[in-house]
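Chains as they are written, first to last, in our numbering: chain X, 44 to 707; chain U, -1 to 192; chain S, 25 to 185.
Inspection log for the structure reproduced underneath, given as structure tokens.
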Amino acid sequence: MIPELGHFALILATLVALILGTLPLLGAHQNRMAWVALARPAATAMALLITFSFACLTQAFVVSDFSVVYVAQHSNSLLPIQYRVAAVWGGHEGSLLLWMLMLSWWAFAVAMLSRQLPDAMVARVLGTLGLVAFGFLLFILITSSPFERLLPAAAEGKDLNPLLQDFGLIIHPPLLYMGYVGFSVAFAFAIAALLSGQLDAAWARWSRPWTMAAWVFLTLGIAMGSWWAYYELGWGGWWFWDPVENASFMPWLIGTALIHSLAVTEKRGSFKNWTVLLAISAFSLSLLGTFLVRSGVLTSVHAFATDPRRGIFILIFLVAVIGTSLALFAWRAPKVGLGGRFGLVSRESMLLTNNVLLVVAAATVLLGTLYPLLIDALGVGKISVGPPYFNAVFVPVMTPLLFMMGIGPFARWKEASIGEILRTLRWAFAAAVIVAIALPFIYGAWTPLTALGLLMAAWVTLASTLNFVQRVRHTRGGQSFLSAALRQPGSFVGMNVAHIGIAVFVVGVTMVSSFQEELDIKMAPGEHVDVAGYRFTFNSVKAVEGPNYVAAQGDFDLAVNGKFVRKMNPEKRNYHSSQMPMTEAAIDAGLLRDVYVSLGEAIDRDNPEGEWAVRVYYKPFVDWIWGGCLLMALGGLLAMLDRRYRVKARTSSPVKTPAGTQQA
Amino acid sequence: MNRYFWILGGFAALVALLAIGLGLNPRDVPSPLVGKPAPTFNLPILATPDKTFGPGDLQGKVWLLNVWASWCVSCRAEHPILVDFSKKVDVPLIGLNYKEVRGDGGFDMNKMPPEEEKKLAFLRANTWLKQHGDPYKLTVMDLDGRVGIDYGVYGVPETYVIDKAGVIRMKHTGPINPDVLGNKIMPLLAELNK
Amino acid sequence: MKLRSLSLALVFATFLGSTAAIASSTTEAALAADPVAEKRLQSLSEELRCLVCQNQNIADSNAELAQDLRREIRGMIQAGKTDKEIIDFMVTRYGDFVLYRPPVKGITLLLWGGPIALLLLGLFALQRYLRQRARRMAEDRPLSAAETGRADALLNEGDTK
């Protein structure tokens, strides 16, 4: 009964989405205020219906209703409750419903938080979101409904893949989809601007917080996925340049370009066409990612079970959405004016350089990801493009960007002096060079790549700090440094925090790649091994039982300089429902390093209390990778909460002056 | 037509690529050995264990090499077609039994001495062929899979067509079905035997 | 005590059936004699694709074929083969598809050259755009007296509406 209700709600939502996607848009075009007024209520209704539908599916999982095909395929009665809920998005159909849930919530948020925007603009934004929602809902209803029944019902479910039975599944997809789908709002704002012809600084101010929010979610989502792979898979790796990972990274790169470009459009009215194109591209890449994961066109560890019919549908959807928006852009763009003037060396031109570099980076990732397909399609061979390629080409493209990150914030709008900037920064650069030369020696080995990474990280950190300190000094007047610092606008603080976050990330990557140590060793109970100053003593292995698995649990003592630190208990699990044994590594995380122990196998299978093959890792600074991402997200959050986005319009003005332009 | 329409053109090219991609299989790996001489080997024969066989022994003839094992489920699917083939077509079909014991997964290889492995492998292979029919002129035993590696075997079953000069002319991965047999293998055999 | 050995027996009975085929690389490496060779094996394995997996290299994979290939490579390292010879061995049998670092040949020129070309192209286009823009801005000049008059007239016209 309940799954049928959920299905029905989905059908209703599709109809509402159709209404949302047509009437408000027509209304805005023909000045029919009655139709324009439909936008907010329709978006609200859509959100309610889809939330209800999602709740129905969740209920089916919680009570283990195996008469629903999707539940039978991805759940099991022994599965703990939190994974029964997370399993809702463990497969293709459910994850699409999660997509829709996120889209409907974003639309609802726009409907609720946009009081200061002109109604016609809101109608166009929500209308665009409605059209996207309509396409997706059709896709779900026609090819991928999670509510299909299984008659007779299965006695027991197939169980969720053990690799997914983890905290990561609870957090990573929702965060990631919030980001992915969030770029649809930036997209909708861009389309609204093209449709109305109103493409100006005010438009940029309105779309900026929404874009930042999506960017923050995507940053966190990708970081979470990376951390999950690190501790779950047992190999210590954190990024594989897998096609699906790349599919989430490309929107991130373009999204980063977009938030920088929006800054210029908002402050100076320039780059309007370029910003709109970036907004369209960011969401297009999200859609492309959706296609790649679900169509079977590329091999990936993340891919859902594939079905060519789904691939065709998504491709048609892609063509409809992206094709129409690009056509609309090509039609409208030439009519848009140039915007403010700026010099060859200025903050504007530097941000434009930032954009070019980020777009080149995204294009590089796209090239590598699709190249095997290109070669296969042309029939000239079959190749693989993997981490060795991406690691080799990505660093040269990112290095100039990191360098610019230090300089950019010092450039003045409209006209900047390169000499003045370099003079301000020369000591910072010198200090960075010293760090780059000295630090690797302290850790043991100096290589050019290590030095380069540390140079860039130190450079960005020092430059950002200097930028902040300098600004506080100039604006403090009579107050203390601290109170002046706390008064700085959110976007300024956010910028520097995010840039430092990137520096922290680079430190993590550089140090881990250069100085990690790994040891595969056979250990008998009582034996110990030393890695990088840490002593691991193997005590024993005992059998433990979990809710839906049995495991061999190892007992290790970790000691430093003779002092006991803690116990570590890696496990080798055997889930009842699956053939695959699963490794659960034991990790001692620290600010400056992780130590990681995972169990291989008993050397003699008939003697599990005897010797075991054990893998021990020392990973310096590895948590700085995700720490850096957290800082980036924090920076974005601070920027998003800047006062000027929250100040309501003093006068709700009619057509001529867009609301909220006090701080142009 | 302003310059912005170029972006649409680029997008159209991307869509075309993806559309073609929907019809391709990214896991399908063409063999680099096609057109090269069949790698040599010298493996014991199932029926007469003290004798060996190698590709050189069939020089001057067109023949098929079929990689199989008793633990391979898909091999069971293609086997009737092979049995039928051996009765109707006068082309020698040689079986390459691949990792009969090691590939099974149910044995602790650390505990099994080579002699015991060999005996067990021969026993299992013979039993299976007796059960399902023996289409092979002879079967050779590749116990550790080394010859399989030389032939680029990555999934069982696989079938090779080898010509009179000992050059591999075709490799088919996966079970043989009537479609492949009729449209690809038979015409090729006819041409090579001219 | 009895329950404990019973559970242990249960644990390892379930293991026997499943892990035999999946002897981990940890075990092989742990049992290996030569750590230097193992390091070379590791870096070579990271360059090679596991053909029976969904996008993994043979260092990370526990599939049968991956283990066999690692064993093969270990043997070749011990026999004194160079990295290039080992890579060529793999490519001869499995084709370019097995390499995660695509070989530099005719069909991959676009791939290897692409990023740098895009970077240079992007920077060149940027530079040209900035100059063009500066020129267009420079062409803006103040309105002449006649043009100012016309503009005023038009604006006044709008006000009376």
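Glycine residues also receive a C-beta, built at the ideal position from the N, C-alpha and C atoms.
Unbroken beta strand (DSSP E) run spanning residue i, endpoints
{"i": "I92 (chain U)", "result": "91 to 96"}
{"i": "Y708 (chain X)", "result": "Lying before the first or after the last residue shown, residue 708 (chain X) is absent from chain X, which here runs from 44 to 707."}
{"i": "M611 (chain X)", "result": "606 to 611"}
{"i": "P624 (chain X)", "result": "624 to 627"}
{"i": "S583 (chain X)", "result": "577 to 588"}
{"i": "G597 (chain X)", "result": "592 to 603"}
{"i": "R167 (chain U)", "result": "166 to 171"}
{"i": "Y618 (chain X)", "result": "614 to 618"}
Proximal chain S residues relative to residue i, where beta-carbon distance stays under 8 Å
{"i": "P47 (chain U)", "result": "Chain S residues near P47 (chain U): none, gap ~24 Å exceeds 8 Å."}
Within chain U, partners of residue i - CB distance below 7 Å
{"i": "T209 (chain S)", "result": "Here chain S has residues from 25 to 185 only, and residue 209 (chain S) is not among them."}
{"i": "E88 (chain S)", "result": "G101"}
{"i": "L369 (chain X)", "result": "I5, L6, F9"}
When the options are compared against residue i, the one with the closest alpha-carbon
{"i": "K585 (chain X)", "options": "X:G386, X:D600, X:E561, X:K615", "result": "X:K615"}
{"i": "L677 (chain X)", "options": "X:V572, X:W258, X:R516", "result": "X:W258"}
{"i": "L55 (chain S)", "options": "X:G137, X:D649, X:G643", "result": "X:G643"}
{"i": "T626 (chain X)", "options": "X:Y661, X:V603, X:Q596", "result": "X:Q596"}
{"i": "L63 (chain U)", "options": "U:A14, U:L80, U:K85", "result": "U:L80"}
{"i": "I477 (chain X)", "options": "X:E463, X:G496, X:L301", "result": "X:G496"}
{"i": "P613 (chain X)", "options": "X:V547, X:M623, X:G633, X:N582", "result": "X:N582"}
{"i": "M44 (chain X)", "options": "X:P217, X:G382, X:F372, X:S96", "result": "X:S96"}
{"i": "L238 (chain X)", "options": "X:G576, X:S157, X:F372", "result": "X:F372"}
{"i": "P28 (chain U)", "options": "S:L133, S:D120, S:D176, S:C74", "result": "S:D120"}
{"i": "E560 (chain X)", "options": "X:P568, X:V572, X:A567, X:M566", "result": "X:V572"}
{"i": "L154 (chain S)", "options": "X:Y577, X:E458, X:I630", "result": "X:E458"}
{"i": "Y274 (chain X)", "options": "X:D209, X:F190, X:L394, X:D598", "result": "X:D209"}
{"i": "M447 (chain X)", "options": "X:E47, X:N398, X:Q531", "result": "X:N398"}
{"i": "L41 (chain U)", "options": "U:R144, U:E76, U:D26", "result": "U:R144"}
Contacts that residue i makes with chain X (C-beta to C-beta distance below 8 Å)
{"i": "V151 (chain U)", "result": "Going along chain X, no residue has its Cβ under 8 Å from V151 (chain U), so there is no contact; the nearest lies around 17 Å."}
{"i": "I183 (chain U)", "result": "Result: empty, since nearest Cβ-Cβ is about 22 Å, beyond 8 Å."}
Per-residue contacts from residue i into chain X (C-beta, under 7 Å)
{"i": "F196 (chain U)", "result": "Only positions -1 to 192 of chain U appear in this structure, which leaves residue 196 (chain U) out of reach."}
Chain-ordered neighbours of residue i on chain U, where CB pairs are closer than 8 Å
{"i": "R117 (chain S)", "result": "P30, L31, I147, D148, Y149, G150"}
{"i": "A233 (chain X)", "result": "Under the 8 Å cutoff, chain U gives no residues; its nearest Cβ is about 14 Å from A233 (chain X)."}
First and last residue of the uninterrupted alpha helix (DSSP H) at residue i
{"i": "F182 (chain X)", "result": "162 to 186"}
{"i": "W4 (chain U)", "result": "3 to 20"}
{"i": "L63 (chain X)", "result": "45 to 73"}
{"i": "E96 (chain S)", "result": "88 to 102"}
{"i": "W61 (chain U)", "result": "Here W61 (chain U) belongs to no alpha helix (DSSP H); instead the beta strand (DSSP E) covers 61 to 66."}
Partner residues on chain S for residue i, Cβ-Cβ distance less than 9 Å
{"i": "E463 (chain X)", "result": "Per Cβ cutoff of 9 Å: no residues; E463 (chain X) is ~19 Å from chain S at best."}
Within chain U, the residues that residue i reaches when beta carbons sit closer than 9 Å
{"i": "D92 (chain S)", "result": "K97, R100, D142, G143, R144, G146, I147"}
Listed by chain order, chain X residues near residue i by CB distance under 9 Å
{"i": "F121 (chain S)", "result": "P415, G424, K425, I426, S427"}
Within chain S, partners of residue i - CB distance below 7 Å
{"i": "P430 (chain X)", "result": "Y124"}
{"i": "V440 (chain X)", "result": "P139, L143"}
Interface flag, residue i vs chain B, CB-CB below 8 Å
{"i": "V71 (chain U)", "result": "Among the protein chains of the structure shown, namely X, U and S, there is no chain B."}
For this session: Ignoring anything shorter than 4 residues or poking outside the segment 358 to 406 of chain X, list the alpha helix (DSSP H) runs there in chain order.
Result: List check, alpha helix (DSSP H) in window: 367 to 375.
Problem set entry | Complete alpha helix (DSSP H) runs within the segment 104 to 157 of chain U (minimum length 4 residues, chain order) | Correct list: 112 to 130, 144 to 148.
Exercise. Taking Cβ-Cβ distances below 9 Å as the criterion, which residues of the segment 24 to 47 of chain U are in contact with chain S?
Worked result: Residues of the segment 24 to 47 of chain U with a Cβ closer than 9 Å to any Cβ of chain S, in chain order: R25, V27, P28, S29, P30, L31, K34, P37.
For this session: For the segment 522 to 566 of chain X, list the alpha helix (DSSP H) runs that are entirely contained and at least 4 residues long, ordered along the chain.
Result: Listed in chain order, they are 524 to 529, 533 to 558.
For this session: Scan the segment 151 to 184 of chain X for residues whose Cβ lies nearer than 8 Å to a Cβ of chain U and list them as they occur along the chain.
Result: For chain U, none of the residues of the segment 151 to 184 of chain X brings a beta carbon within less than 8 Å of one of its beta carbons.
For this session: Counting only runs of 4+ residues fully inside the segment 440 to 513 of chain X, write out the alpha helix (DSSP H) ranges in chain order.
Result: With a minimum length of 4 residues, the continuous alpha helix (DSSP H) runs that stay inside the segment 440 to 513 of chain X are 461 to 486.
For this session: Note down, in chain order, all residues in the segment 162 to 174 of chain U with a beta-carbon under 7 Å from any beta-carbon belonging to chain X.
Result: Residues of the segment 162 to 174 of chain U with a Cβ closer than 7 Å to any Cβ of chain X: none.
Exercise. Can you list, in chain order, the stretches of the alpha helix (DSSP H) that have 4 or more residues and sit fully within the segment 631 to 693 of chain X?
Worked result: The qualifying runs are 666 to 683, 686 to 689.
Exercise. If you scan the segment 131 to 184 of chain S from start to end, which runs of the alpha helix (DSSP H) of 4 or more residues do you find wholly inside it?
Worked result: For the segment 131 to 184 of chain S, whole alpha helix (DSSP H) runs of length 4 or above, ordered along the chain, are 133 to 163, 169 to 183.
Exercise. Listed from N- to C-terminal order along the chain, which residues in the segment 146 to 178 of chain S have their beta-carbon within a distance smaller than 8 Å of any beta-carbon of chain U?
Worked result: Along the segment 146 to 178 of chain S, none of the residues has a CB nearer than 8 Å to a CB of chain U.
For this session: Pull out every residue of the segment 79 to 109 of chain U whose Cβ sits closer than 9 Å to any Cβ of chain S, in chain order.
Result: If the cut-off is 9 Å between Cβ atoms, the segment 79 to 109 of chain U has K97, R100, G101, D102, G103, G104, F105, D106, M107, N108 near chain S.
Exercise. For the segment 132 to 145 of chain U, which residues have a beta carbon sitting closer than 7 Å to at least one beta carbon of chain S?
Worked result: Answer in chain order: G143.
Exercise. What residues in the segment 634 to 651 of chain X have a beta carbon less than 9 Å from any beta carbon of chain U?
Worked result: Residues of the segment 634 to 651 of chain X that bring their beta carbon within less than 9 Å of a beta carbon in chain U comprise I646, D647, R648, D649, in sequence order.
For this session: Mind checking the segment 395 to 414 of chain X against chain S and listing, in chain order, the residues whose C-beta falls within less than 8 Å of any C-beta there?
Result: If the cut-off is 8 Å between Cβ atoms, the segment 395 to 414 of chain X has L395, T396, V399, L400, V402, V403, A406, T407, L410, G411, Y414 near chain S.
Problem set entry | chain U contacts from the segment 65 to 77 of chain S (Cβ-Cβ distance under 7 Å) | Along the segment 65 to 77 of chain S, the positions whose C-beta sits under 7 Å from a C-beta of chain U are L75, V76, read in chain order.
Exercise. Listed from N- to C-terminal order along the chain, which residues in the segment 316 to 343 of chain X have their beta-carbon within a distance smaller than 7 Å of any beta-carbon of chain S?
Worked result: Listed in sequence order: T342, S343.
Problem set entry | Interface residues of the segment 354 to 367 of chain X facing chain U [CB-CB below 8 Å] | Sequence-ordered contacts of the segment 354 to 367 of chain X with chain U read G354, I355, L358, L361, V362, I365, G366 [C-beta pairs closer than 8 Å].
Problem set entry | Segments of 4+ residues assigned as alpha helix (DSSP H) that fall wholly inside the segment 309 to 352 of chain X | Restricting attention to alpha helix (DSSP H) runs no shorter than 4 residues, the segment 309 to 352 of chain X encloses them at 315 to 338, ordered along the chain.
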